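Visitor:
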Amino acid sequence: MSSVLVVLASFLASSVEMVEALTIVLAVGLTHGWRTALIGVVSALLALAVVVAVLGQSIADINLQVLQITIGVLLLIFGLQWLRKAILRASGLKAKHDEAKIFETEMKELERIPVANDVLDWTGFVVSFKGVFLEGLEVAFIVFTFGANEGEWGLSAAGALLAFIVVGAIGALVHRPLARVPENAIKFAVGLLLVSFGTFWGGEGVGIEWTLEDAMIPLLAVIYAGVAFGLVQYLKQPAPAALAVVAEGAEG
Amino acid sequence: MKYLVGFGRFWWDFIVGDSILLAVGAPLGLLAGYGLSKGDYSTVAEILFPVIVVLTLIASLRVKR
């Protein structure tokens with residue numbers, strides 16, 4: 278493989294992983310705040326740096342499947358929770374956003390929780406951290422794999438670095454326009470994305486060989502979106518076809 | 007102790023949230039996927055796993071006619 282091809286292959290493979298991480302970071306940033314999302318990113322990058330420095334080439338021996346299952350199942354559960362709430366809100370069975378009620382609930386929570394705990398939104402942090410850490414680990418695999426196969430560590434790492442710069446720039450450009458989209462629409466989309474990623478990673482972890490490989494993620498998102506919109510339409514139907522839905526629970 | 011309780015509450019809220027069905031259905035779907043892929047039915051798992059996810063979502067809406 279020529280030098281250009283090593284850089285290109287590493288760049289493209291790393292870009293795919295980084296775009297996946299960026300999607301999750303954008304989702305967290307838009308819903309849980311950019312500070313939380315970025316702290317998750319920085320923490321994950323630091324953790325990755327430590328892992329790579331300590332393990333070096335033996336990083337390829339880490340059991341990626343266990344990580345995929347753990348992260349996949351958590352994303353799946355978390356995404357389904359969001360999607361459920363978004364469906365209930367879109368169908369009018371749950372208040373779209375009662376700011377006063379949320380404020381009151383938050384105040385009660387804050388009175389109960391020690392001051393140090395409100396410095397960071399832990400849910401957002403965990404999701405952002407997990408997404409960047411898993412994808413970063415996969416990028417590290419790619420760099421080590423290409424480097425080991427071609428004996429071109431520098432070029433392989435350069436391809437990954439280039440992907441980081443390009444994908445990072447895209448993220449910086451798109452986060453402002455996205456912030457103007459209505460909140461429930463964002464939460465709907467985020468729920469769909471998390472469920473799609475969770476299905477893909479979790480499935481890969483337990484040994485499912487996705488025929489379309491990474492292209493399965495957008496396909497899953499489309500399928501889940503179709504189901505979710507169908508459910509919204511169904512739940513919007515008036516009585517007697519209307520459904521009695523118990524939609525109590527925490528606001529999210 | 008207070009921090010342990012807080013830590014436990016965070017994970018309970020994170021995993022269970024409003025519907026325990028979601029916390030149970032998702033791992034069950036994965037378990038089914040694991041069983042099928044181990045039994046050389048990866049293609050079936052590829053279809054069945056997302057179907058279980060969808061069914062879990064519908065069940066979590068606690069629909070009653």
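Protein chains in written order, with our numbering: chain U, 278 to 529; chain E, 7 to 71.
Even for Gly, the Cβ is constructed at its ideal location relative to N, Cα and C.
Just so we're clear, the structure is a prediction, and the values are computed from it rather than from any experiment.
1) Considering only the alpha carbon of each residue, which of U:V281, U:S287, U:A290 and U:M295 lies closest to G413 of chain U?
2) Pick from U:T488, U:I494 and U:Q514: whose alpha carbon is nearest that of Y47 of chain E?
3) Roughly how far, in whole angstroms, is the beta-carbon of V472 of chain U from the beta-carbon of V59 of chain E, given that I think they are within contact range, below 8 angstroms?
4) Using the beta-carbon count (16 or more within 10 Å), is R361 of chain U buried or exposed?
5) Closest by CA to R453 of chain U, which one among U:S287, U:N461, U:L307 and U:S291?
6) Skipping 5 residues on each side, what residues in its chain have a beta carbon closer than 7 angstroms to that of G310 of chain U?
7) Counting only beta-carbon atoms, is G480 of chain U nearer than 9 angstroms to chain E?
8) Does the beta carbon of G14 of chain E come closer than 9 angstroms to any beta carbon on chain U?
9) Could you list which residues in chain U have their beta carbon closer than 7 angstroms to that of I21 of chain E, in chain order?
10) Report the three-state DSSP secondary structure of Y47 of chain E (helix, strand or coil).
11) Compare the C-beta of L10 of chain E against all C-beta atoms of chain U and say whether one is closer than 9 angstroms.
12) Can you grab the Cα-Cα spacing for the pair A367 of chain U / A466 of chain U, in whole Å?
13) Can a CB atom of chain E be found closer than 9 angstroms to the CB of R361 of chain U?
14) So that I know if they touch, is there some Cβ in chain E lying closer than 9 angstroms to that of E486 of chain U?
15) Check whether the Cβ of A367 of chain U lies closer than 9 angstroms to any Cβ atom in chain C.
16) Look at G479 of chain U and F355 of chain U and say whether their C-beta atoms are less than 9 angstroms apart.
17) Within its chain, find whatever has a CB closer than 6 angstroms to the CB of V284 of chain U; leave out the 5 residues flanking it on each side and keep chain order.
18) For V472 of chain U, return the contacting residues in chain E, with the cut-off set at a CB-CB distance below 7 angstroms.
19) Verify whether the separation of the beta carbon atoms of G507 of chain U and L357 of chain U is less than 9 angstroms.
20) Are the beta-carbon atoms belonging to V302 of chain U and L315 of chain U less than 9 angstroms from one another?
21) Measuring only between beta-carbons, confirm whether G317 of chain U sits less than 9 angstroms from chain E.
22) Applying the criterion that 16 or more other CB atoms from any shown protein chain within 10 Å of the CB defines a buried residue, is Q617 of chain U buried or exposed?
23) So, at 8 angstroms on beta carbons, what are the nonlocal neighbours of E383 of chain U in its own chain, with the 5 sequence-adjacent residues on each side left out?
24) Assuming the contact rule is C-beta atoms closer than 8 angstroms, P56 of chain E and L450 of chain U should be a hit. Round their C-beta distance to whole Å, please.
25) Give, in chain order, every unbroken run of the alpha helix (DSSP H) that is at least 4 residues long and sits entirely within the stretch 400-426 of chain U.
26) Who are the near neighbours of S292 of chain U in its chain, counting only those whose CB is closer than 8 angstroms to its CB and skipping five residues on each side?
Guide: Once the coordinates are examined:
1) U:M295
2) U:T488
3) 7 angstroms
4) R361 of chain U is classed as buried because its beta carbon has at least 16 other beta carbons within 10 Å across all chains shown.
5) Looking at the Cα atoms, U:L307 is the closest of the given residues.
6) D398 and G401
7) yes
8) no
9) I354
10) coil
11) no
12) 12 angstroms
13) yes
14) yes
15) No chain C is present in this structure, whose protein chains are U and E.
16) no
17) L432, A435 and G436
18) V59
19) no
20) yes
21) no
22) Outside the shown range of chain U (278 to 529) lies residue 617 of chain U, about which nothing can therefore be said.
23) For E383 of chain U, the pLDDT reaches just 46, beneath the cut-off of 50, and the residue's location in the model is therefore unreliable, leaving the point undetermined.
24) The C-beta distance from P56 of chain E to L450 of chain U rounds to 32 angstroms, too long to fall under 8 angstroms, and the pair is not in contact.
25) The stretch 400-426 of chain U contains no complete alpha helix (DSSP H) run of 4 or more residues.
26) When the five nearest sequence neighbours on each side are left out, the beta carbons in the same chain lying within less than 8 angstroms of the beta carbon of S292 of chain U are those of A440, V443 and V444, in order along the chain.
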